[in-house]
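Student: In terms of the working numbering, the sequence shown opens at residue 389 and continues consecutively.
Idealized CB from N, CA, C, for every residue including glycine.
Note that this is a predicted model, so its numbers are computed, not measured.
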Amino acid sequence: MGDHLAFERYTWFDAEIRAGRYPNAIRLAEQFEISERTAKRNITFMRDMLGAPLEYLRDKRGYIYSDTSFSLPALHFSQEEVLAVLLARNLLTCCAGGIISDAIGRIGKKLLSETKSMGLSEELLDRLFSASWNGYSPAQADTFQIAAQSLLESRLLRFSYHSPLDAQTSDRIVEPHHLQHYMGTWILLAWCRQRQDWRKFILSRMSAPALSGDQFPPRPVAEWWHHLSGAYGIFQGNDHVHVKLLFCPARARWVRGQLWHPDQHMEAWPDGSLLLSLPAADFRELKLRILQYGAEVEVLEPQTLREEIRREALAINALYTKSTSS
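Rendered as structure tokens:
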């Protein structure tokens, strides 16, 4: 997808040259709301990798082609690739303030205009396919743009962050390393200079984000990747425990086709029950998932999680018993 977004810039730059408007890195950066450094890299790529005969005219402060017979190499797309682009637009419509779906949509329109023989149209795809999210935290478009730019350019990011844990707002300066799309919510993994540790920040809880002029050397992937994968859910860590959940026969028929974790293991019991085993590093999200099944699932291991669910069940029982008696 990144190649297609960059190709849109190459196409625009090519059209500006042919129209005699002498484009340069500053205008390219302004047109696509990217950094001047990224724009310069795009121009260098056009010259060195696409073979564009670019010549800079100092008096015009812009580029021309020294050989006007040059043309950009065409991109060829299959029906499956066009379909994937347009379905991605539907999937990401509500994320990042619509900025991603809008960009993908523009690419999709261009692809459709060049591939009419494929029998695809926006109207047809909107009628036949859809995607829905619920319970997610949508990010503002400008917040997503600034966070993504800081990530791509390895620049420090400043923002105010509101934590629901203590209802406090604090100012942060971080080194962004990874932007994760999790269940409809964008989450930034970064080294927090205040805490001197890795932290995850939900973009929707950021305010007043701003890029710093200072760059930082990215830390090795091995240092932070375990914060993104390995255990169940968004809360990760180095220390994993094996969780065993036993679903009753009625619920087992539904759970059998679900993927909770790539390393999960399912075992069917003679009475129709289903034993689901998976790794976890933190119980917070997993507890919410377990509780949604009520009495249809029992935690067998570990004992600490079983006890936490038991206490929660007693608290729920007390809450509803009190409501009934009053």
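1. Can you list, in chain order, the residues of its chain whose CB lies under 7 Å from that of Asn626, leaving out five sequence neighbours each side?
2. Count the other CB atoms within 10 Å of the CB of Glu563; is the residue buried (16 or more) or exposed (fewer)?
3. Quick one, are the C-beta atoms of Leu445 and Ala427 less than 8 Å apart?
4. Between the region 630-645 and the region 667-674, do at least 3 Cβ pairs fall closer than 8 Å?
5. Is the number of C-beta pairs between the region 523-530 and the region 404-415 that are closer than 8 Å three or more?
6. Please identify the residue among Pro637, Arg639, Leu664 whose C-alpha is closest to the C-alpha of Pro650.
7. Based on the DSSP secondary-structure assignment, which residues constitute the bridge partners of Gln584?
8. Mind checking if Ala669 is an interface residue toward chain C, Cβ cutoff 8 Å exclusive?
9. Between the region 635-654 and the region 575-592, are three or more C-beta pairs nearer than 8 Å?
10. One question on the structure: do Leu567 and Ala610 come within less than 8 Å of each other, judged by their Cβ atoms?
11. Check the DSSP bridge columns for Phe547 and list the partner residues they point to.
12. Output needed for Leu539: all residues of its chain with C-beta closer than 6 Å, excluding positions within five of it in sequence on either side, in chain order.
13. Residues bridged to Thr573 by DSSP?
14. If you draw a straight line from the C-alpha of Ala598 to the C-alpha of Thr557, how long is it?
15. Can you name, in chain order, every residue of its own chain whose Cβ lies under 7 Å from the Cβ of Phe604, other than the five neighbours on each side?
16. My output table needs one value for Ile405: the three-state DSSP class, helix, strand or coil.
17. Could you check where the alpha helix (DSSP H) with Phe420 kicks off and where it finishes?
Tutor: This is what the structure holds:
1. By the criterion of a C-beta distance shorter than 7 Å, Asn626 is surrounded in its chain by His614, once the five residues flanking it on both sides are discounted.
2. Its Cβ being crowded by 16 or more others within 10 Å, Glu563 is buried.
3. No, they are not a contact pair.
4. With a cut-off of 8 Å, the region 667-674 and the region 630-645 count as touching, because enough Cβ pairs lie within range.
5. Contact annotation: the region 523-530 does not touch the region 404-415, with fewer than three C-beta pairs closer than 8 Å.
6. The residue from Pro637, Arg639, Leu664 with its alpha-carbon nearest to that of Pro650 is Leu664.
7. Within the DSSP bridge table, the entry for Gln584 names no partner.
8. In the structure shown, chain C does not exist; there is a single protein chain.
9. The answer is no - the region 575-592 does not touch the region 635-654, with fewer than three Cβ pairs under 8 Å.
10. No, Cβ-Cβ distance for Leu567 and Ala610 is not below 8 Å.
11. Paired residues: Arg560.
12. Answer for Leu539: Pro564, Leu567, listed in chain order.
13. Thr573 is bridged by DSSP to Tyr570.
14. Between Ala598 and Thr557, the C-alpha separation is close to 16 Å.
15. Closer than 7 Å at Cβ, skipping near neighbours: Ser542, Leu544, Glu563.
16. Reduced to three states, the DSSP call for Ile405 is helix.
17. First-last of the alpha helix (DSSP H) with Phe420: 413-420.
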